[in-house]
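S.K.:
Residue numbers (our numbering): 35 to 396.
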């Protein structure tokens, strides 16, 4: 069995061409990218990554550089489930979330990339395989875009092949959100899949009020209406708001998702492979949702996540939203008539431009 011989982290800061804003994170001028390259005794390499919206990347880099090489010294690379638990418990007391679980996510992703490459399979087939075409929506960080620019952005996304769109809500005045969603619905027409994302803006009562105000516009879902620390509050919003609710991009464990799913606090569970612990727990979360007859969606990292949803019979929509990463990979995600296409390249198929990334090393 091949053994892990090296773990090499990378830490980069990707400047954004325009400042992005949402209701709670404020201005985002750059995203941080943390990578990890795992090499084994056969000379093969697997690559994983995670990202932040501008802070804590240095902490992730330190964990990848100092903690995981010691924990994984000489371990067999194929024993992913065991290695995940070994890392989880070794880091648990000072971790269990935050930068620690983001670092673990990147590490686990790299192990799966390595394993699929060794099997000469694309990741989605190594995970069981369901269908390579995954319904896809364009996600925008557009809360402060003037309405005319929001509609132009929408037309640009339609021209790129998207057949579902997500917009931001959570402005200071609910009336403004209602007017913008109404304008988008009129622009897109009846029946077009439209999602709205509040980024945790409201209290539970405020979210119920907002959901009821947005009911007439036939939203596919309302996303992250309140803080992730309140699964009981989410259950109230699901029961009383009258809209499907997506949540999970800020949940960090399978067990947090269990509280939401079993407690009726989410309609569309929404894990992010870069911060829920990696491919291993992402697939468990998807199967948990399946057991409760719920569709699973995703957040971020679409070039990897397309493989995971392509292996899920209960997948709904893949979120496609780059943060400038497409400038540093060889073959970005392909969109065709509203579907993302999982590639047939071995592993997850992402080939980073390491020389290009060196120019933005943090």
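The C-beta atom is built at its ideal place from N, Cα and C for all residues, glycine as well.
Going by the DSSP bridge assignment, what does residue 332 pair with across the sheet?
M.R.: In the DSSP output, where bridge partners are listed per residue, residue 332 has none listed.
S.K.: Give the list of continuous alpha helix (DSSP H) stretches no shorter than 4 residues that lie fully inside the region 223 to 255.
M.R.: 238 to 248
S.K.: First and last residue of the alpha helix (DSSP H) that includes residue 176?
M.R.: If you look at residue 176, you'll find it isn't in any alpha helix (DSSP H); DSSP assigns it neither H nor E.
S.K.: Tell me the rounded alpha-carbon separation between residue 90 and residue 135.
M.R.: 12 Å
S.K.: Determine which residues share a DSSP beta bridge with residue 86 and list them.
M.R.: For residue 86, the beta-bridge partners assigned by DSSP are 66.
S.K.: Quick check on this structure: which residue in 160, 199 and 158 has the alpha carbon closest to the alpha carbon of residue 173?
M.R.: 199
S.K.: Quick check on this structure: which residue in 389, 58 and 45 has the alpha carbon closest to the alpha carbon of residue 261?
M.R.: 58
S.K.: From residue 210 to residue 248, what distance separates their C-alpha atoms?
M.R.: 11 Å
S.K.: Under the assumption that residue 98 contacts residue 160 (Cβ atoms under 8 Å), give the Cβ distance between them as a whole number of angstroms.
M.R.: About 23 Å; that fails the 8 Å criterion.
S.K.: Report all residues from its chain with a CB closer than 6 Å to the CB of residue 341; omit the five preceding and five following residues, and keep chain order.
M.R.: 157, 158, 376 and 382
S.K.: For residue 477, count neighbouring C-beta atoms within 10 Å of its own C-beta (all shown protein chains included) and say buried if the count is 16 or more, exposed if not.
M.R.: The structure shown does not extend to residue 477, since the chain is modelled only from 35 through 396, so no value can be given for it.
S.K.: Excluding the 5 residues flanking residue 346 on each side, which residues of the same chain have their C-beta closer than 7 Å to its C-beta?
M.R.: 164, 320 and 330
S.K.: Any chance you could list the alpha helix (DSSP H) runs of at least 4 consecutive residues sitting entirely within the region 80 to 132, in chain order?
M.R.: 91 to 96, 102 to 105 and 114 to 125
S.K.: Alpha carbon to alpha carbon, what distance is there between residue 359 and residue 384?
M.R.: 11 Å
S.K.: Could you tell me whether the region 206 to 224 touches the region 385 to 394, using the rule of 3 or more Cβ pairs below 8 Å?
M.R.: The region 206 to 224 vs the region 385 to 394: no contact.
S.K.: Flag residue 382 as yes when its Cβ comes closer than 7 Å to any non-hydrogen atom of the ligand NAP, and as no otherwise.
M.R.: Ligands are entirely absent from the displayed structure, and the ligand NAP is therefore not among its contents.
S.K.: Could you round the C-beta distance between residue 291 and residue 303 to whole angstroms and report it? I think they count as a contact, below 8 Å.
M.R.: 6 Å
S.K.: Using a Cβ-Cβ cutoff of less than 6 Å, which residues in the same chain neighbour residue 110 once the five nearest sequence positions on both sides are dropped?
M.R.: The answer, listed in chain order, is 35 and 37.
S.K.: To the nearest angstrom, report how far apart residue 131 and residue 54 are at their CA atoms.
M.R.: 25 Å
S.K.: Does residue 220 come out as helix, strand or coil in the three-state DSSP assignment?
M.R.: helix
S.K.: Since residue 313 is in the beta strand (DSSP E), which residue starts that stretch and which ends it?
M.R.: Going by DSSP, residue 313 is part of no beta strand (DSSP E) but of the alpha helix (DSSP H) stretching over 313 to 325.
S.K.: Nearest-angstrom Cα distance between residue 328 and residue 185?
M.R.: The straight-line gap from Cα to Cα measures roughly 31 Å.
S.K.: For the region 249 to 259 against the region 224 to 238, are there 3 or more C-beta pairs whose distance is under 8 Å?
M.R.: yes
S.K.: Leaving out five residues before and five after residue 87 in sequence, what residues of the same chain have Cβ atoms less than 7 Å from its Cβ?
M.R.: Taken in chain order, the residues that qualify are 59, 62 and 65.
S.K.: Can you find the residues in the same chain that come closer than 8 Å, C-beta to C-beta, to residue 298, ignoring five residues on each side of it along the sequence?
M.R.: 269, 272 and 273
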